[in-house]
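Protein chains: 2
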Amino acid sequence: MKTRYVHGYTTRENLRLQDQASTLVELLHADTFYPAGSRVLEAGCGVGAQTVTLAGKSPDAKIDAVDISSASVTEAKSTVEAAGFSNVHFHQGDIFNLPFRPESFDHIFVCFVLEHLPQPIEALTALKKLLKVEGTITVIEGDHGSTYFYPDNAAAHEAIRCQVELQKRSGGNADIGRQLFPLLNEAGFISVNVSPRMVYVDSSKPDMIAGFTKNTFIAMIEGVRETALEAGMITPAVFDEGVKGLYRTCETDGVFCYTFFKAVAGKT
Amino acid sequence: MKTRYVHGYTTRENLRLQDQASTLVELLHADTFYPAGSRVLEAGCGVGAQTVTLAGKSPDAKIDAVDISSASVTEAKSTVEAAGFSNVHFHQGDIFNLPFRPESFDHIFVCFVLEHLPQPIEALTALKKLLKVEGTITVIEGDHGSTYFYPDNAAAHEAIRCQVELQKRSGGNADIGRQLFPLLNEAGFISVNVSPRMVYVDSSKPDMIAGFTKNTFIAMIEGVRETALEAGMITPAVFDEGVKGLYRTCETDGVFCYTFFKAVAGKT
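So the sequences go chain by chain: G and B.
Residue numbers for the first sequence follow my numbering, so the first one is 85 and each next one is one higher.
Residue numbers for the second sequence follow my numbering, so the first one is 85 and each next one is one higher.
1) Would you say ARG332 of chain G reaches chain B, if we count a Cβ-Cβ gap shorter than 8 Å as a contact?
2) Return the Cβ separation of GLN176 of chain B and SER154 of chain B in integer angstroms, given the expectation that the two are a contact with Cβ distance under 8 Å.
3) According to DSSP, what are the bridge partners of GLU126 of chain B?
4) Near ARG88 of chain B, which residues of its chain fall below 6 Å by C-beta distance, leaving aside the five closest residues on each side in sequence?
5) Please report whether the beta-carbon of ASN299 of chain B lies at a distance below 8 Å from any beta-carbon of chain G.
6) In whole angstroms, what separates the C-alpha of VAL308 of chain G from that of PRO202 of chain B?
7) For SER288 of chain B, return the contacting residues in chain G, with the cut-off set at a CB-CB distance below 9 Å.
8) In three-state terms, what does DSSP make of ARG309 of chain B?
9) Between ASP291 of chain B and chain G, is any beta-carbon pair separated by less than 8 Å?
10) Taking just the CA atoms, how far does SER230 of chain G sit from PHE193 of chain G?
11) Just verifying my parser: in three-state terms, what is the DSSP assignment at GLU225 of chain G?
12) Please confirm whether VAL339 of chain G has its beta-carbon closer than 8 Å to some beta-carbon of chain B.
13) Got a sec: is the Cβ-Cβ distance from PHE344 of chain B to anything in chain G below 8 Å?
14) What residue range is occupied by the uninterrupted beta strand (DSSP E) comprising LYS346 of chain G?
15) Take the Cβ of THR300 of chain B as the centre, count every other Cβ of all protein chains shown within 10 Å, and call the residue buried at 16 or more, exposed below.
16) Got a sec? Which residues, its chain only, sit under 6 Å from ASN237 of chain G by beta carbon, not counting five neighbours each side?
17) Measure the alpha-carbon distance for GLY128 of chain G versus ALA321 of chain G and round it to whole angstroms.
18) Quick check on ASN181 of chain B: buried or exposed, where buried means 16 or more other Cβ atoms within 10 Å of its Cβ?
19) Can a CB atom of chain G be found closer than 8 Å to the CB of GLY350 of chain B?
20) Could you list which residues in chain B have their beta carbon closer than 8 Å to that of MET282 of chain G, in chain order?
21) Give the straight-line distance between the Cα atoms of HIS241 of chain B and ARG123 of chain G, rounded to the nearest whole angstrom.
22) Taking 8 Å as the CB-CB limit, is SER230 of chain G close to chain B?
23) When the Cβ atoms of the stretch 277-287 of chain B are set against those of the stretch 270-284 of chain G, are three or more pairs found closer than 8 Å?
24) Span of the beta strand (DSSP E) holding ILE274 of chain G?
25) Excluding five sequence neighbours on each side, which residues of the same chain lie with their C-beta closer than 6 Å to the C-beta of ALA145 of chain B?
26) Using a beta-carbon distance below 8 Å, is ARG245 of chain B in contact with chain G?
27) Looking at ARG245 of chain G and TYR361 of chain B, is the spacing between their C-beta atoms short of 8 Å?
28) Thinking C-beta only, is GLY295 of chain B closer than 8 Å to THR107 of chain B?
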């Protein structure tokens with residue numbers, strides 16, 4: 085299935101995604117590691133931002149990483165090899181039609197993928213076929229509707245809304261994080277356990293201001309400016325005021341909040 | 085200072101506040117305990133919902149609990165005595181003019197109080213005078229702007245907005261949780277450390293659905309129905325649809341999210 089993505093396909097985007105990944109590694113991935121010899125599928129590896137962490141935390145697992153974009157796969161392969169890991173095999177492939185036999189994997193890992201898919205339940209159902217009985221699936225997604233900040237700023241919410249709306253028009257769902265529990269249940273997984281991973285940033289955390297608020301979140305919103313303006317979703321004045329409002333949350337008295345959701349589920 | 089509260093003064097409200105306190109004890113209070121012999125001030129103890137936890141977790145601390153409402157103080161005293169604790173002294177008093185000498189306390193504890201005050205920074209500044217050098221203040225507040233859920237529901241957000249607006253008209257701020265970092269810094273405290281305490285509820289957590297989503301949050305929103313309608317803030321149809329939308333999040337595929345903020349800070 086071909087999907088137009090709102091983000092993920094430019095050089096600046098690649099840098100942004102790597103930045104996001106390194107800032108959030110502990111929060112999102114600290115509790116994910118797979119035993120020696122286990123077969124792991126990363127479905128939708130993109131440019132390899134999470135693959136490096138996965139490979140490093142489970143050095144003796146045998147990882148297959150796939151993405152629908154062959155350019156991303158090439159980039160991911162080069163990133164993972166540059167990091168010195170040799171336990172990952174890369175393949176270009178469609179999540180709905182992957183070149184693996186049923187019940188090939190002990191574990192499946194899906195991070196920042198469902199948000200882009202018009203049919204997330206069908207994608208999970210397809211992945212479930214590749215999972216062994218008693219295997220696990222781990223799914224991580226953000227949720228833009230979880231964004232709030234101080235000082236509050238109506239234009240900032242308008243600018244964020246543009247990103248959400250553009251992602252929706254591309255068939256995605258930027259608010260999907262909160263839905264992991266029903267999605268995984270609907271796809272037939274069992275023992276679904278969801279834990280929110282909230283990012284709270286104030287000026288006592290300058291690394292998070294740089295790595296998350298500015299270089300991850302605000303960069304993503306700035307990235308949709310031209311598209312949102314072309315689509316007539318917002319005026320340049322309001323968009324720019326909104327971005328200014330987001331930067332305002334990075335000052336000494338500012339606060340920025342965002343929540344990712346991580347789910348682990350099983351198969352019988 | 086007299087303050088009209090939006091909630092807190094009816095029997096059903098008291099039950100609701102006790103229910104909230106028992107469901108949230110671990111999440112909010114697990115990391116709060118004070119050494120034997122230390123003097124602790126609970127400013128704004130209300131009906132004693134948190135006082136019981138405080139007294140139980142720090143059985144050898146000497147706690148003074150104050151509230152501006154003598155009816156609440158009576159209720160709190162009876163609750164704490166019924167629970168078998170004898171380490172709390174109760175006083176009726178105004179947070180801006182408490183009957184204690186400067187630097188009387190090793191620790192100060194303030195929970196669900198600032199949200200009701202028109203001048204939270206001034207209140208914190210007044211409390212700081214009562215704190216010993218190298219003492220700590222702990223502040224816990226909710227933030228209604230942190231509320232989101234699945235399925236999303238515009239009428240539900242409208243109903244919540246009524247509560248936020250009514251609290252604002254009473255001089256309070258229902259979105260104050262995210263502001264703890266700037267408020268405490270502004271009041272001159274040092275080493276301000278804020279940790280969000282997110283409540284994530286799905287149908288794998290029936291106790292949280294009952295204790296938090298229904299009996300704490302939805303009960304609070306339902307509690308402002310008449311006042312909101314009298315104020316012409318919303319139509320009965322939209323309000324009731326909103327409450328229905330909130331109950332909808334309690335079904336098998338529903339999800340409800342809310343975040344409290346806890347801050348600990350020091351004094352030099």
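All residues carry an ideal CB built from backbone N, CA and C; glycine is no exception.
The model shown is predicted, which means the values in this text are computed figures rather than measured ones.
Once the coordinates are examined:
1) Residue mapping note: residue 332 of chain G aligns to position 248 of the first sequence, counting from 1. Cβ-Cβ to chain B under 8 Å: no for ARG332 of chain G.
2) Sequence index remark: in the second sequence, residue 176 of chain B carries index 92 (1-based). Sequence index remark: in the second sequence, residue 154 of chain B carries index 70 (1-based). Rounded, the Cβ-Cβ distance is 4 Å, consistent with contact.
3) Here residue 126 of chain B is taken as the residue at index 42 of the second sequence, counted from 1. Paired residues: B:ALA149 and B:PHE193.
4) The sequence position of residue 88 of chain B within the second sequence is 4, counting from 1. Unreliable positioning characterises ARG88 of chain B in this predicted model, as indicated by a pLDDT of 41, which lies under 50. The coordinate reading is nonetheless provided below. Around ARG88 of chain B: SER254.
5) As a first step, residue 299 of chain B is located in the second sequence; it is residue number 215 there, counting from the start. Judged by the 8 Å Cβ criterion, ASN299 of chain B is not in contact with chain G.
6) The sequence position of residue 308 of chain G within the first sequence is 224, counting from 1. The sequence position of residue 202 of chain B within the second sequence is 118, counting from 1. Looking at the two C-alpha atoms, the distance is approximately 39 Å.
7) Taking the second sequence and counting its residues from 1, the one referred to as residue 288 of chain B is at position 204. The contacting residues are PHE265, SER275, VAL276, ASN277 and VAL278.
8) For this step, residue 309 of chain B is matched to residue 225 along the second sequence. Three-state result, ARG309 of chain B: helix.
9) On the second sequence, residue 291 of chain B is found 207 positions in, with the first residue counted as 1. It does not; no Cβ of chain G falls within 8 Å.
10) Residue 193 of chain G sits at position 109 when you count from the first residue of the first sequence. Residue 230 of chain G sits at position 146 when you count from the first residue of the first sequence. Computed Cα separation, rounded: 23 Å.
11) As a position in the first sequence, residue 225 of chain G is number 141, starting the count at 1. For GLU225 of chain G, the three-state secondary structure derived from DSSP is strand.
12) Numbered from 1 along the first sequence, position 255 holds the residue referred to as residue 339 of chain G. Answer yes: the Cβ-Cβ gap between VAL339 of chain G and chain B drops below 8 Å somewhere.
13) Stepping through the second sequence from its first residue, residue 344 of chain B is reached at position 260. Not an interface residue.
14) The residue given as residue 346 of chain G occupies position 262 in the first sequence. Here the beta strand (DSSP E) through LYS346 of chain G covers 339-350.
15) By one-based count along the second sequence, residue 300 of chain B stands at place 216. THR300 of chain B should be labelled buried.
16) Within the first sequence, numbered from 1, the residue matching residue 237 of chain G stands at position 153. GLY329.
17) Residue 128 of chain G sits at position 44 when you count from the first residue of the first sequence. Residue 321 of chain G sits at position 237 when you count from the first residue of the first sequence. GLY128 of chain G and ALA321 of chain G: Cα-Cα distance of roughly 36 Å.
18) Here residue 181 of chain B refers to the residue found at position 97 when the second sequence is read from its first residue. Label assigned to ASN181 of chain B: exposed.
19) For this step, residue 350 of chain B is matched to residue 266 along the second sequence. Not one chain G Cβ lies under 8 Å of GLY350 of chain B.
20) Within the first sequence, residue 282 of chain G is the residue found at index 198, counting from 1. Those are PRO280, MET282 and THR343, listed as they occur along chain B.
21) Counting from 1 along the second sequence, the entry for residue 241 of chain B is found at position 157. Counting from 1 along the first sequence, the entry for residue 123 of chain G is found at position 39. Roughly 44 Å separates the two Cα atoms.
22) For the purposes of this step, residue 230 of chain G is taken as the residue at position 146 of the first sequence. Residue contact with chain B for SER230 of chain G: present (Cβ-Cβ distance below 8 Å to some residue of chain B).
23) Because the criterion of three Cβ pairs below 8 Å is met, the stretch 277-287 of chain B and the stretch 270-284 of chain G touch.
24) If you number the first sequence from 1, residue 274 of chain G lands on position 190. Its beta strand (DSSP E) spans residues 274-286.
25) Position 61 of the second sequence, counting from 1, holds the residue named residue 145 of chain B. Excluding residues within five positions, the ones whose Cβ falls inside 6 Å are TYR118, SER122 and VAL124.
26) Within the second sequence, residue 245 of chain B is the residue found at index 161, counting from 1. Answer no: the Cβ-Cβ gap between ARG245 of chain B and chain G never drops below 8 Å.
27) Within the shown structure, residues of chain B are numbered from 85 to 352, placing residue 361 of chain B beyond reach of any answer.
28) Taking the first residue of the second sequence as 1, we reach residue 107 of chain B at position 23. Taking the first residue of the second sequence as 1, we reach residue 295 of chain B at position 211. Contact: yes.
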